[in-house]
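So the sequence lines, in the order shown, correspond to chains A and B. Each residue of the first sequence is one higher than the one before, starting from 1 at the first, in the numbering used here. Each residue of the second sequence is one higher than the one before, starting from 293 at the first, in the numbering used here.
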Amino acid sequence: MKKLKENIIEKLLFSSAIFTILTTLSIIGILLYEAIQFFEEVPLFDFLTDTQWTPLFDDKHFGILPLLSGTLLTSFIAIAIALPIGLSIAVYLNEYANKKFRKIIKPILELLAAVPSVVYGFFALIIVTPALQSFIPGMSGFNSLSAGIVMAIMILPFISSLSEDALFAVPKNLREASYGMGATRFQTVFRVTIPAANSGIIVSVILAISRAIGETMIVAIAAGQQPRLTANPLVPVETISAYIVQVSLGDVPHNSLEYRTIFAAGITLFAFTFLLNNVSFWLRKKYQRKYA
Amino acid sequence: MPTTIIESKDFNLFYGDFQALKNINFQAEENTVTAFIGPSGCGKSTLLRSFNRMNDLIEGVQTTGETNINGISVYDKSVDVNELRKRIGMVFQKPNPFPKSIFENVAYGLRIDGIKDKHIIEEKVVSSLKKAALWDEVKDNLKKSALALSGGQQQRLCIARALAIEPSIILMDEPASALDPISTSKIEDLIYELKKNYTIIIVTHNMQQAGRISDNTAFFYMGELIECDDTKTIFTNPSNLRTQNYITGRFG
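Here it is, written out as structure tokens:
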């Protein structure tokens, strides 16, 4: 009787595990299936090299580059802001702040990641953009700069918290060795602690990049919906994720070429985040071995 | 007349409310090896770390009394802790090389001291590795990661790292407790060799080790320095009963 019960529980756990795997596999399957149909009509070469993305217009162009540039531009701005600030916070919390302060401030910082991204998007559109416009006169109402800035706030805890964890994991005796040699705190941080934690810090940054690239609501609300191949942060752009939202919400007929553009864009996005996740996974494994 | 190089006078140390060292009076002379022995938690490591103010790193530590190194009162407000630590080498219980190359580990102290001249750094790295009896084993692999060395080699590397900044004192906190017997005996030979030029304090749990390598032995118990004397005297004719009980293995 007891054995039967154990058996049933085991099967239940097993099937829920299988269920997750199947879900993932079927999502990838559908993505691939629709994307392949898309690429039967649009050559992959055009997709990768055409500099216009106008699938909903009469003069149709299917170049992913404008969307990709929008995604990379907003992500780049976000990382460029969040990386130095996040790292400084991590170093401060780990090396300088007292334990009590660290204990209070860390959960508050992590709360930044818990704010719904639609709130951030709204914040970017109605507060950050007008504020920036007051001293950047030519700035458009939709732009990648304010979206990037707000996205930086959102991903800040990924960098600060995970980097702090990485710094915290550096064995105490390495710091002692450095202090014992007469090193100052600053020298110890920059010559011993950070180099020893560097792979963990890189992992945190990669996760933050991955989060920024996939981020949807902020860019859909604040960055605009104009696919444009540009590096100018002051004009409207469209990211891959924002395009997917735009088309999913619209009235594009199912099984049309326009409809399949979602999947082509989606698989591009997936390829990026998949790659980044794998790199961080690989780095984390390497990192864990170091102090085993 | 031998020169006193380390001296604690009426020294007390508190971790918060807990008094870890009680009224310590201790002296060590130039070019001698003093072994600190005593049961775990007796304060011997704490006293060792008080000499180069490593206790500053722990929150809530307070001290009273005096500690003099080379005649300088180290707890005086005018003392630069980093400069103090540069004059005192420290070797820890567990080998703790930096995750850098062998060369960079030894060069660390020189680099943080602002020395940029490549020739000086190279020269000192080589001579320190030689003094630490590690040179022959690593001379062809100076660029290799220090973490690839064996535990005993890592510990000798840590000694070389400490020697590179030319301290006059070396503090060793159970330097051989994590090592196998062969590596341990290499470390002991090394200590014997280093004694000629350095004043060494070594914390150890190993009675035979204390007997083999030290000139003087100090026995600690519950935060007090019970007795400090010639090693031979401590081991053959201690004046305190607790010392005798400890070294004969009746408690501890």
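A virtual CB, placed ideally from N, CA and C, is assigned to each residue, including glycine.
In this chain, N344 of chain B is not harboured by any beta strand (DSSP E), its DSSP state being neither H nor E.
At a C-beta separation below 7 Å, N173 of chain A has these neighbours in chain B: F384, K386 and N388. Contact between the region 523–533 of chain B and the region 345–353 of chain B is absent: fewer than three C-beta pairs spanning the two stretches fall below 8 Å. In terms of CA proximity to N489 of chain B, B:G381 leads the group B:A438, B:I474, B:E375 and B:G381. Chain-order list of chain A residues neighbouring Y400 of chain B: M181, by C-beta distance under 7 Å. In this structure P157 of chain A is buried. Its beta-carbon is surrounded by 16 or more other beta-carbon atoms within 10 angstroms. Only V192, P195 and A196 from the region 192–223 of chain A bring a Cβ to less than 9 Å from some Cβ of chain B. Per the Cβ contact rule, the region 167–184 of chain A is in contact with the region 369–383 of chain B (3 or more Cβ pairs under 8 Å). Sequence-distant Cβ neighbours of M151 of chain A in its own chain, meaning closer than 7 Å and more than five residues away, are T74, A78, A212, E215 and I218. Chain order gives the chain B residues near E176 of chain A as M346, L349, M382, F384 and N388, where near means a beta carbon separation below 9 Å.
The continuous alpha helix (DSSP H) containing S26 of chain A extends over residues K2 to E41. Considered as a whole, the region 312–385 of chain B harbours 325–329, 353–361 and 380–383 as its complete beta strand (DSSP E) runs of no fewer than 3 residues, in chain order. Leaving aside the five residues that flank E258 of chain A on each side, the residues in its chain whose CB is nearer than 8 Å to its CB run, in chain order, P55, L56, V247 and V252. Residues of the region 443–470 of chain B with a Cβ closer than 8 Å to any Cβ of chain A, in chain order: C450, R453, A454 and I457. Close to Q187 of chain A, with beta-carbon spacing below 7 Å, are these residues of chain B in chain order: I404.
In summary, Y33 of chain A is exposed, with fewer than 16 beta-carbon neighbours lying within 10 Å of its beta-carbon over all protein chains present. In the DSSP assignment, E95 of chain A falls outside any alpha helix (DSSP H), carrying neither H nor E. The Cβ atoms of G70 of chain A and A223 of chain A lie closer than 8 Å to each other. Close partners of N360 of chain B in chain A (Cβ separation under 7 Å) are lacking, with about 19 Å as the shortest Cβ gap. Per DSSP, reduced to three states, the secondary structure at F390 of chain B is coil, with no helix or strand assignment. Listed along the chain, the chain B residues whose CB falls inside 9 Å of the CB of T230 of chain A amount to none; the nearest CB is some 43 Å away. Between the C-alpha atoms of A265 of chain A and N255 of chain A there is a straight-line separation of about 15 Å. By the beta-carbon neighbour count (other beta carbons within 10 angstroms, threshold 16), A80 of chain A is exposed.
Assigned with DSSP and collapsed to three states, E519 of chain B falls in strand. For the pair S420 of chain B and R453 of chain B, the Cα-to-Cα distance works out to about 7 Å. Closer than 8 Å to the CB of E429 of chain B there is not a single CB belonging to chain A. Runs of the alpha helix (DSSP H) lying entirely within the region 161–187 of chain A and spanning at least 4 residues, in chain order: 172–180. Within the DSSP bridge table, the entry for T296 of chain B names B:E321 as partners.
In this structure, the CA atom of F263 of chain A is about 5 Å from the CA atom of A35 of chain A. Closest by C-alpha distance to S178 of chain A, out of B:C450, B:L471, B:D465 and B:I461, is B:C450.
It is roughly 16 Å from the alpha-carbon of K103 of chain A to the alpha-carbon of L112 of chain A. With distances taken between CA atoms, N173 of chain A lies nearest to B:Q447 out of B:N498, B:N508 and B:Q447. For M217 of chain A, the enclosing alpha helix (DSSP H) begins and ends at M217 to A222. Within chain B, the C-beta atoms nearer than 8 Å to that of T184 of chain A come from N374 and I404, in chain order. Using a CB distance cut-off of 8 Å, K416 of chain B does not count as an interface residue toward chain A.
The C-beta of K408 of chain B comes no closer than 8 Å to any C-beta of chain A.
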